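Residues 359 to 560 in the numbering used here are what the sequence shown lists, from first letter to last. Here the structure comes first, spelled out in structure tokens, and everything after it is commentary.
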Amino acid sequence: MKHLKFVLFITLGILCLCFSYEKDHLTGKFLLTEEMKAQNPYQGGETLFFHKNNEDTIVVFAKDRVNKVHEVLEGINTKNYFLLEEEDIYLDIDTMFFASNYFHLKMLPDRKGKTEFTIDFIQGTVGRGFYYNLPLSTAATPYIDSLFVMNRWVRDVFTQEHEILDSRAYKLYYSTEFGILKIDFSDGSYWELEKIEWAEEN
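In structure tokens, the structure reads:
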């Protein structure tokens, strides 16, 4: 009988502990819109080919596109929580030419109503981040009217430029139709998109 009471006591204690961490009240949803998601054309499985200074070819492989909705507690001593959606994808640069080099594209809203689109370009231990607010639009985002790549004119190309530093990437050209179009580096070199093999073509 004493053993049974002890087991019951332990069971009740565990249940109380579980319920003490149970989320109680949903206070908000901070989700990506379909318009925002569509502004990243990579679905995963694409292969991108870039010209480096019109000489070497850089090959980039898009990995899986991942979408997650997180349940985030408001604080330590509360059961209130909110939903936060994020979406990201990695584009790996062919390691035959480079080691540990990649692009990381990430969409993430905040609780103030803004959604940030981050494009990180990592070269070994050196990186550069480019940041946009979503949705991208010619009314609110720096852009150029067109850029000639892939033997065609691509219109409404969004840009972001950093200070020139060492030999790092300092300017990014981005299209909601084709993704990353061009990168300018501080040493005068550049990568320019030559071709995309879309996932359904691979």
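Glycine included, C-beta positions come from ideal geometry on N, C-alpha and C. Being a predicted model, the structure only gives us computed values, none of them experimental.
My output table needs one value for residue i: the three-state DSSP class, helix, strand or coil.
i           : result
residue 508 : coil
residue 497 : coil
residue 555 : strand
residue 535 : coil
residue 477 : strand
residue 483 : coil
residue 519 : strand
residue 542 : strand
residue 513 : strand
Considering only their Cβ atoms, is the gap separating residue j from residue i smaller than 8 Å?
i           : j           : result
residue 449 : residue 419 : yes
residue 505 : residue 540 : yes
residue 439 : residue 385 : yes
residue 323 : residue 501 : Because the chain in this structure spans residues 359 to 560, residue 323 falls outside the shown range and cannot be described.
residue 400 : residue 451 : no
residue 411 : residue 548 : yes
residue 458 : residue 482 : yes
residue 507 : residue 535 : no
residue 437 : residue 383 : yes
residue 415 : residue 521 : no
residue 445 : residue 423 : yes
residue 529 : residue 542 : yes
residue 489 : residue 474 : yes
residue 557 : residue 433 : no
Starting from residue i, follow its DSSP beta bridges and name the residues at the other end.
i           : result
residue 409 : 415 and 550
residue 491 : 474
residue 384 : 439
residue 529 : 519 and 542
Return no unless some Cβ of chain D is closer than 8 Å to the Cβ of residue i.
i           : result
residue 471 : In summary, chain D is missing from the structure at hand, where a single protein chain is found.
Do residue i and the ligand MN come close, with the Cβ less than 7 Å from some heavy atom?
i           : result
residue 544 : As presented, the structure is devoid of all ligands, the ligand MN included, so that no description of it is given.
ask   = Taking three-plus beta-carbon pairs below 8 Å as touching, is the segment 388 to 408 in contact with the segment 456 to 469?
value = yes
task = Check whether the segment 505 to 516 touches the segment 426 to 437, taking contact to mean three or more Cβ pairs, one atom from each stretch, closer than 8 Å.
result = no
message = What ranges does the beta strand (DSSP E) occupy inside the segment 419 to 471, keeping only unbroken runs of at least 3 residues that lie completely in it?
response = Taking only runs of at least 3 residues, the beta strand (DSSP E) segments lying wholly in the segment 419 to 471 are 424 to 431, 438 to 451 and 459 to 467.
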